[in-house]
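This report refers to the structure that appears directly beneath it.
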Amino acid sequence: MSLDPAARSGYADHPPRMGFFTDTSVCIGCKACEVACKEWNGVPEDGLELTGMSYDNTQSLGASTWRHVAFIEQIDHPGQPRWLMASDVCKHCTEAGCLDVCPTGALLRTEFGTVVVQDDVCNGCGNCVAACPFGVIGRRETDGGAHKCTLCYDRIGDGLTPACAKACPTESIQFGPLDELRDRAQARLETLHEAGVAGAQLYGEDPGNGIGGAGAFFLLLDEPEVYGLPPDPVVTTRDLPRMWRHVASAAAALAAAALISGLGGRA
Amino acid sequence: MAEAHPVGFQWVMEAKQRGATVIHVDPRFTRTSAHADVYVPIRAGADIAFVGGIINYVLQHDRYFRDYVLAYTNASAVLSEDFADTEDLDGVFSGLDRELRMYDMETWRYQRSEVRAAAGDRTPLRDRFTPQQLRQVRRAARGEAHGSGGGAVDPVHDADETLQHPRCVFQVLKRHFARYTPELVAEVAGVPEETFLRVCELVTANSGRDRTTTFVYSLGWTQHTVGVQYIRTAAILQSLLGNMGRPGGGILALRGHASIQGSTDIPTLFDLLPGYLPMPHAYGNEDLDTYVAAESLSKGFWADTRNYMVSLLKAWWGDTATAGNDFCYAYLPRLTGSHSTYETVLSQLSGVCTGYFLLGQNPAVGSANARMQRMGMASLDWLVVRDFSMIESATWWRDGPEIETEQMRTEDIKTEVFFLPAAAHTEKNGSFTNTQRMLQWHHAAVEPAGDARSDLWFAYHLGRRIRQKLAASSAETDRDRPVLDLTWDYPVRGPLAEPDAEAVLAEVSGWGADRTPLSSYTELNDDGSTSCGCWIYCGVYAGGVNQAARRTPGGTQDWVAADWGWAWPANRRVLYNRASADPDGRPWSDRKALVWWDQATRRWTGHDVPDFIADRPPDYRPAADARGTEAISGTDAFIMQGDGKAWLFAPAGLVDGPLPVHYEPQESPFSNVLHGQQHNPVREVLTHPLNLYQPSGDEPGSEVFPYVATTYRLTEHHTAGGMSRFLPYLAELQPAFFCEVSPELAAERGLEHAGWATIVTARSAIEARVLVTRRIQPLRMRGRVVHQVGLPWHWGPNGLTTGDAANELVHLALDPNVYIQEDKALACDIRPGRRPRGPALLDLVREYRQRAAITLKTGTDT
Amino acid sequence: MKRDEQLMVPAAEFGSYYGRPVIKEPVWGAPAIPGYLFLGGLAGASSPLAAVAEFSGRPGLALAAKTTAAGAIGLSVVALVQDLGRPTRFHHMLRVFKPTSPMSVGSWLLSAYGPAAGAAAACAITGLLPAAGRVATVAAAVTGPAVAAYTAALLADTAVPAWHEAHRELPYLFVSSAATAAGGLGLLLVRPEQAAPARNLALIGATAELTAKSLLLQRLGEVAEPYQSGRAGRLMEAAEILTAAGLTAAAVGGRNRIIAALAGAALVASSAFTRFGIFFAGRMSAGDPRYTVGPQRNRKDRKDRGDRGISPPPAGKPARAPAERGDLAAAR
Ligand SMILES: Nc1nc2c(c(=O)[nH]1)N[C@H]1C(S)=C(S)[C@@H](COP(=O)(O)OP(=O)(O)OC[C@H]3O[C@@H](n4cnc5c(=O)[nH]c(N)nc54)[C@H](O)[C@@H]3O)O[C@H]1N2
Ligand SMILES: Nc1nc2c(c(=O)[nH]1)N[C@H]1C(S)=C(S)[C@@H](COP(=O)(O)OP(=O)(O)OC[C@H]3O[C@@H](n4cnc5c(=O)[nH]c(N)nc54)[C@H](O)[C@@H]3O)O[C@H]1N2
Ligand code: SF4
Ligand code: SF4
Ligand code: SF4
Ligand code: SF4
Ligand code: SF4
Ligand SMILES: [Mo]
């Protein structure tokens, strides 16, 4: 499977695909990424609720949260107590369900291979919200539009690092050409495996996975679902041809049923 | 560290990736613990027992770095026969005057058989003043003033290089810590034995010629009634292990606000002048000569105190300061005792202090015993608050907790409160001095909005206007001369007439006769030819260039990165780095080479700027009567110390003992296992009806407050909240004040996760949401289970996220050296549900006090 | 576990993050969207019924069906537009044509079908332009079934487990439900003499609907649960009872005006209930991480085992018994 969605979207001559490798093994849960993202992108505050979910009061990604740091307390973890922290973000899928289903073309693929909402086009139909297998994109109550991480399209176009990665003190968020990031991630994974870190695994990077490989992938220390990530997401539109076939035959069946109903002569 | 210094923590993460072992000692499992290789749970307030245990381990197992210890520490010094240790006196040192609550330190001195040349020898203060006057001197935080160089010692004294003399420091140390066994550590600190031994093994295995271990601490070690002694304990251990003055070693104090280091260097503290020069005291510092005689040392760089002081006076009073008028020394104010922030509150309450400036401080929430703070402010005539946010310290008179409890009525409060908007760091030029003593310059990004002005603007223009008024009214009276004679001529810029911050920096850095910028404090003179606003900062404007603004990226220079910012003194990155080489001047190992003696050029050289006299050979030995820097031998690596040595035993300088001892915190559910002496006998207690203490240990009533409480920070908030609770992006990340408790304590007290709890001390009761988490572990010690209650203290009634302030609970019992409050270890009770409202809150607290039979005297024993 | 029942920050043994949804619940609201599904189906099936009625000489049924189709589609478009976050931008739907987006396809379908259905009804009601009316009737009859069916793809082409996993059955369920509704409304509105095609359509639709539903539930396995529990379960059950009742009544007493009307009403209601049931089942399946994680975890484990021929798990990855990992019940 090609990891070059920009080319597929018709960018003949385009820069390398850019993305994120989020290495959660070095995340210190400082949430600088969350704040930097909101500052740069002018994303509004998202509620003042104490959740009781460890130190996570952000709860999940959404229209007004484009980076979300998860906190998982595993004090009884065998060997050593753990407190896992992980900064989640839009995966910028190679096969992006949100983009596929968007009826207006508000969601588009950029020359960097990333997925971006054009706010002035979006009519708030909400289709993308239901289509994202990661629960990333959301519709904002206040303006009715769909919003999510842009991979700082306005920054990377100017050669700047996305705000979240820039703010991350420990380089848990690494930004760069996807190819490089994938190599780095492999090396890091091997190091951790050699160090005997149980459960370390890459998440989302496999081009053979259900979304054709993520543009933002992760190194996790436990199973994805522990972090609130789907273990084996598949872009919904993979099944769409089959769906259309069934829709067509169902429609035909309805027409046929109507015809049959009329048999039996005139009144 | 990950919590409160996340940006600095990146280096810990990097070190870890390169193979460093990270150990975290904390009552709570925090974000830092999550990345530590070893997490050590500990009872808050017991670290001297823990680190003392490691010292004992090192001594018992001969794991100290003998060559280093012999060459660079005072291990061999023999103590005077008058000295008696806590082991001999059940927990106190010789010299304690219980009535005056102070030690006479004379008995802590080294033994000196030969009589030294008397010239310049100071007459001991005790021969000149009454004990009461002496106590006033002591209470002027003299310990802190000596922090940078230690107190005066006799550089020439008896020594035993074999370390066998029963009164040599090494043997005294060994005896002192002999009872700090793994079992005792477990019993006092609740640290499991195997964890403790693992730490001992890791620390000792990673110290020596080839390896160094560093200690990083912050408030978990300082905010105790024995705070300074906590750090002393680490200093002893690091000196024994040979980890001082060497790359990757040392003890790193993580400082607080962005320039808290800067604010002690060029101090906002009552007892210091710039560069750790003691603030003159009414007793003993009558004129420049007596000041210099009293405050300088006969050996080392503190022998040059006169140069530093005269240059400072020249910076302040310019041409007016001449040899003929003692360089205006008389213009300096004098101390008559402690004028710490907490003493100031007492004098507000007693009507002595009637006006108050709060520039960047929110004591109504952030200072211990917050109610007392507000009551103090309510006794003022006027109060000026300069801040970005409408903080509680500016609004207590209309919506503070005392209005709710009906202890105050707005109509009755006479205080006139002025609120002046302050410019933020992004709106002004200036420097930050960080934890590693490095100055970094920041440039204004935008002009301050509205009426906001920088503090520099405020100070300068306030001074200017005052001088105008004084000049008009009282030009001829002497009283105003100190103000009128000040050099107050900073150029101003832009539409707001903002003073040029670089001009201030240049003055701080200093200049010679023709205003040529100085490049090092060694150029300072005492004849009035040099001027320098802070001697340790001398050279930050060397060559007329703002050295602090240098930003050569790390990748384009060597690992010392000397071209990034500027570190005091003299852009030196590791203090006392002479100790990174052996006595002969060769690096202890290639791996740990930092500076060394180059025989060819006969100079010290290396990666860092050598912290030594550049051309002093390792084999130099001073003559017996040598003074000042001449008296520094080729192996006296600790050049600021009066004897050139790292102190395993502190013969002077600390007011509460030459060696650290485990004492229980002011309030503790435990009695002291080690000694009959429960508390630090000379801790500062402030007796006041608003500041009642609880019974401790075996005292009846202590069971009313059975839990240990500690206060701390969250990454998401900043201190008293003025910079976080008012910002939506931060407020939403931690949207409510909560307390952290273990599932076991929750079960014991019926606390519900995400529900409410009320926490009570003798001062007040507050409510918090409950976070029940296994990250807080009950500790087992002395057959008892200790439960701890964690309180992030950032909340107050104003802002977007509001809550009770943890400081309502905290008492004022202070470390006697530096007057820091004991925020980190209290005793409390916790119960389910919200606290009573209105006057009923006071009833609840009163009921607790009655049950514990608390009086004004409770907890004030020596 | 509900948050307020937690005793402490929970340990992460269970396969979810604090029981929080992994995917977003669709922002589509009720009654607008299930209403739209129902009305679109009613319209889409009414148009071919109208054509059959017209060409088989049942003008009463034809008029009723055309009016129904036009009214229903009109209302449905209003419902759809009203559910947009930015209703004034509804025209952006026709900015592009995207076969990967059922909503896009649907928008174009609607813009073809809606005017046709409208014209057919207008001509029938006014009696004007009969030729054009016939053309419109045919056009609506041809596009109507697509309108009734595409909404299945609209739901199925999402990450919502109860919808996506049902992508094979949903189109059939939708068209049969549409047929039930259109036939049912015919029975309700038109005298039995004219209503034979409606009755037939209702009978076929209702039968097919019952079959499609049971097939769907069988095939969905774990993810069938949302259709069987809670609000969705109650709606689906009511729909089933109404369908069965309507079906029986129409079959047995369909020639009696009263019984026919009652049967018709039951069938129309059943169709509406089915759409609401499906809608809420989807919402619920999205809101509970079990339905996202469970099937994916099983699939992944199967794949992982397959890849390695049931060999031991890779180094550093602890084996987990399915029971241990799958205790999704704890996540509730
Ligand atoms: N995000 C953020 N950063 C900050 C600040 C902030 O408010 N927010 N404040 C700044 C300021 S002013 C300062 S001074 C620094 C302070 O930085 P820190 O000292 O790191 O801050 P604290 O959280 O107060 O305390 C540190 C830890 O000490 C632990 N502790 C409590 N009692 C004991 C004890 O007896 N022994 C031991 N070993 N540990 C104990 C607490 O559980 C806590 O985890 O942070 C600075 N940085
Ligand atoms: N219980 C408990 N209490 C504690 C501690 C603890 O650990 N536990 N820690 C203690 C420590 S270490 C500290 S440092 C103190 C901090 O306590 P405070 O200093 O009282 O609290 P801050 O919130 O830091 O107050 C600083 C204020 O300065 C304002 N400010 C920021 N920049 C500027 C500026 O450039 N100019 C002006 N004029 N204002 C500015 C901010 O808006 C803020 O309101 O709290 C102490 N109190
Ligand atoms: S993660 Fe979701 S929102 Fe992001 S590109 Fe993939 S489908 Fe779209
Ligand atoms: S809500 Fe906006 S971005 Fe999402 S599918 Fe609809 S039009 Fe596209
Ligand atoms: S890349 Fe930009 S938009 Fe995306 S999460 Fe980071 S800061 Fe936010
Ligand atoms: S900024 Fe980096 S370290 Fe901090 S929470 Fe985000 S990913 Fe983790
Ligand atoms: S707030 Fe500023 S000083 Fe504190 S850690 Fe972050 S960057 Fe450093
Ligand atoms: Mo601080």
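Residue numbers (my numbering), protein chains in the order written: chain X, 1 to 267; chain V, 1 to 862; chain E, 1 to 332. A virtual CB, placed ideally from N, CA and C, is assigned to each residue, including glycine. Note that this is a predicted model, so its numbers are computed, not measured.
Item: Residues near A303 (chain V) in its chain [Cβ-Cβ closer than 8 Å; skip 5 each side]; Value: S296, L297, R627, G628, T629 and A631
Item: Straight-line gap, A119 (chain V) to V310 (chain V) (C-alpha atoms, nearest Å); Value: Low confidence applies to A119 (chain V): its pLDDT is 34, below 50, so where it sits in the model is not reliable enough to give any reading.
Item: Length of the line joining the Cα atoms of C132 (chain X) and G124 (chain X); Value: 15 Å
Item: Nearest-angstrom Cα separation, counted from G246 (chain E) out to A208 (chain E); Value: 13 Å
Item: Where G93 (chain E) meets chain X, residues with beta-carbon distance less than 8 Å; Value: The displayed chain sequence assigns Met, not Gly, to residue 93 (chain E). Under the 8 Å cutoff, chain X gives P103, T104, N123 and C125.
Item: When V:L800, V:A747, V:K857 and V:A624 are compared against D154 (chain V), the one with the closest alpha-carbon; Value: V:A624
Item: Minimum Cβ-Cβ distance from V789 (chain V) to chain A less than 9 Å; Value: Going by chain labels, chain A is absent from the structure shown, which instead holds the protein chains X, V and E.
Item: Nearest candidate by alpha-carbon position, reference A754 (chain V), set X:I72, X:Y55 and X:H14; Value: X:Y55
Item: Contact with chain E by H14 (chain X), beta-carbon distance below 9 Å; Value: no
Item: Chain X within 9 Å of G15 (chain E), Cβ atoms only; Value: yes
Item: Residues that V252 (chain E) contacts on chain X, provided the C-beta gap is smaller than 8 Å; Value: Chain X residues near V252 (chain E): none, gap ~18 Å exceeds 8 Å.
Item: Short CB-CB distance (under 9 Å) between Q186 (chain X) and chain E; Value: no
Item: With 16 other Cβ atoms within 10 Å as the buried cut-off, status of W658 (chain V); Value: Reading the sequence as shown, one finds Pro at residue 658 (chain V) and not Trp. P658 (chain V) is buried by the Cβ-count criterion.
Item: Close Cβ partners of A444 (chain V) (< 6 Å) along its chain, the five nearest in sequence each way excluded; Value: E427, K428 and N429
Item: Q348 (chain V) beta carbon near ligand 2 (any heavy atom closer than 8 Å); Value: no
Item: Residues from the stretch 746-774 of chain V in contact with chain E, defined by Cβ distance under 8 Å; Value: A746, E752, H753, A754, L771, V772, T773 and R774
Item: T32 (chain V): CB within 8 Å of a non-hydrogen atom of ligand 6; Value: no
Item: Secondary structure of L50 (chain X), DSSP reduced to three states; Value: coil
Item: For A394 (chain V) and N807 (chain V), believed in contact at Cβ under 8 Å, the rounded distance; Value: Not confirmed; about 17 Å, so no contact.
Item: Near ligand 4: L173 (chain E) beta-carbon under 8 Å from a heavy atom; Value: no
Item: Burial state of I536 (chain V), where buried means 16 or more other Cβ atoms lie within 10 Å; Value: buried
Item: Boundaries (first-last residue) of the beta strand (DSSP E) holding G176 (chain X); Value: I173 to P177
Item: First and last residue of the uninterrupted beta strand (DSSP E) at R109 (chain X); Value: L107 to R109
Item: C37 (chain X) Cβ short of 8 Å to ligand 5 heavy atom set; Value: yes
Item: Beta-carbon contacts of G204 (chain X) that lie in its chain and below 7 Å, excluding the five residues immediately before and after; Value: K91, A214, F217 and F218
Item: Burial state of K592 (chain V) (16 or more Cβ within 10 Å); Value: buried
Item: S431 (chain V), DSSP secondary structure in three states; Value: strand
Item: Straight-line Cα distance separating S80 (chain V) from R167 (chain V); Value: 8 Å
Item: D289 (chain V) versus Q468 (chain V): straight-line alpha-carbon distance, rounded; Value: 33 Å
Item: Alpha-carbon spacing of L94 (chain E) relative to W66 (chain X), whole angstroms; Value: 29 Å
Item: Residue span of the alpha helix (DSSP H) that contains M18 (chain X), given as start and end; Value: No alpha helix (DSSP H) contains M18 (chain X), which is instead part of the beta strand (DSSP E) from M18 to D23.
Item: Listed by chain order, chain E residues near P743 (chain V) by CB distance under 8 Å; Value: L7 and M8
Item: CB contact below 9 Å: L714 (chain V) versus chain X; Value: yes
Item: Any chain X beta carbon closer than 9 Å to M103 (chain E); Value: yes
Item: Sufficient close CB pairs (3 or more, under 8 Å) joining the stretch 77-90 of chain X to the stretch 26-33 of chain V; Value: yes
Item: R386 (chain V) Cβ short of 8 Å to ligand 2 heavy atom set; Value: yes
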